[in-house]
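Read the sequence shown against the working numbering and you will find it ends at 236, with the numbers running on by one and no gaps.
Built from N, CA and C at the ideal position, the CB exists for glycine as well.
Below is one structure; the comments refer to it alone.
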Amino acid sequence: MKVKKQKIKLSDAWKKVDFSKTSTLMIIFSNLLVIIFAVVDNLSAVEVLWIYWIQSVIIGVFNFIRIISLKEFTTTGLKRGAGSELSPMKATKVSIAIFFLFHYGFFHFVYAMFLGGFPGITNTHSGNSGLSYLVYTTLVFFISYLIEFIQSIRAQQEVIPNLGAVMFAPYFRIIPMHIIIILGGFLSIIGSAFSVRIDMAIILIFVGIKTFVELLTSAVDFFTSATQMASDNADS
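If you want it as structure tokens, here you go:
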């Protein structure tokens with residue numbers, strides 16, 4: 001059986017963004033909150049990146065719980081190497097959850113190493129709030145993804161999710177972190193050469209890209225798309 005790849009156009013995904021949904025509004029609010037903290041508390045670009053690193057870890061934790069808590073799921077397109085398709089059973093779910101935990105965790109370990117080596121794009125933190133910005137933003141992100149997690153549990157009652165789609169969904173949200181780590185390195189060199197503070201430029205670019213990607217990924221129903229893909233493959 002040949003698995004068809006699901007193609008989603010950027011314009012179509014953007015049209016699906018529902019600005020009346022609580023989860024969409026929480027995405028916008030949480031990212032605006034980070035910008036406010038960056039301006040008011042004079043946060044550096046690296047401090048903002050640490051905020052989003054924590055957010056990404058929260059996403060991973062909830063996704064791990066989501067995989068483990070799946071009662072029914074499909075495994076269309078999910079194969080062991082070049083072998084046969086995996087069976088939709090508990091052992092498969094547990095093994096995928098463990099693989100995701102270590103793979104996603106390793107990504108973030110590497111990100112943490114990169115962020116720890118970026119002193120060139122940090123300002124001297126002059127705010128008086130200490131690490132309160134981390135506490136507040138972490139709380140907002142936790143509540144936001146708790147709401148999203150509850151909504152995904154309810155969605156499972158209407159459509160059977162695809163295990164592979166659930167596992168890979170969080171990776172789309174860390175694309176901005178990939179971009180900004182590379183971009184931040186180049187900008188830090190330029191900033192050092194011309195004695196220019198480029199923290200706010202990095203923050204605005206990163207938050208802008210990240211918010212856009214998050215809105216798109218929240219608008220795309222991975223569960224429904226994967227189920228439709230499975231149905232199409234079964235018919236072919």
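Extent of the continuous alpha helix (DSSP H) to which residue i belongs
i   : result
R66 : A45 to S69
L86 : No alpha helix (DSSP H) contains L86, which DSSP labels as neither H nor E.
S20 : Per DSSP, S20 belongs to no alpha helix (DSSP H) and is neither H nor E.
Neighbour-count burial assignment, residue i, 16 or more Cβ in a 10 Å radius
i    : result
R154 : exposed
D18  : exposed
N128 : With a pLDDT of only 47 at N128, under the threshold of 50, the placement of this residue in the model should not be trusted, and no figure is reported.
V94  : exposed
K210 : buried
G60  : buried
Q55  : buried
A91  : exposed
T76  : buried
R80  : exposed
F106 : exposed
V207 : buried
I174 : buried
L43  : buried
F73  : buried
V40  : exposed
I202 : buried
A169 : buried
V34  : buried
Coarse secondary structure for residue i, derived from DSSP in three states
i    : result
I209 : helix
N162 : strand
T92  : helix
K15  : helix
T74  : strand
I150 : helix
7 Å Cβ shell around residue i - same chain, five flanking residues per side excluded
i    : result
V78  : The sequence shown places Leu at residue 78, rather than the Val named in the question. Same-chain partners within the cutoff: E85, L86, L163 and G164.
L115 : V46, L49, W50 and W53
T24  : V17, D18, L215 and S218
W14  : L216
I58  : F141, F142 and Y145
S152 : R66
Cutoff 8 Å; reference residue i; Cβ partners in own chain excluding five residues on either side
i   : result
I65 : F149
I67 : K93, I96, A97, F100, L163, V166 and M167
L70 : K93, Q156, P161, L163 and V166
is_contact[residue i, chain D] using C-beta, thresh 9 Å
i    : result
P161 : Annotation note: the requested chain D is absent from the structure, which comprises a single protein chain.
message: When you compare the segment 136-152 with the segment 24-40, are there three or more beta-carbon pairs, one atom per stretch, that lie closer than 8 Å?
response: The segment 136-152 is in contact with the segment 24-40.
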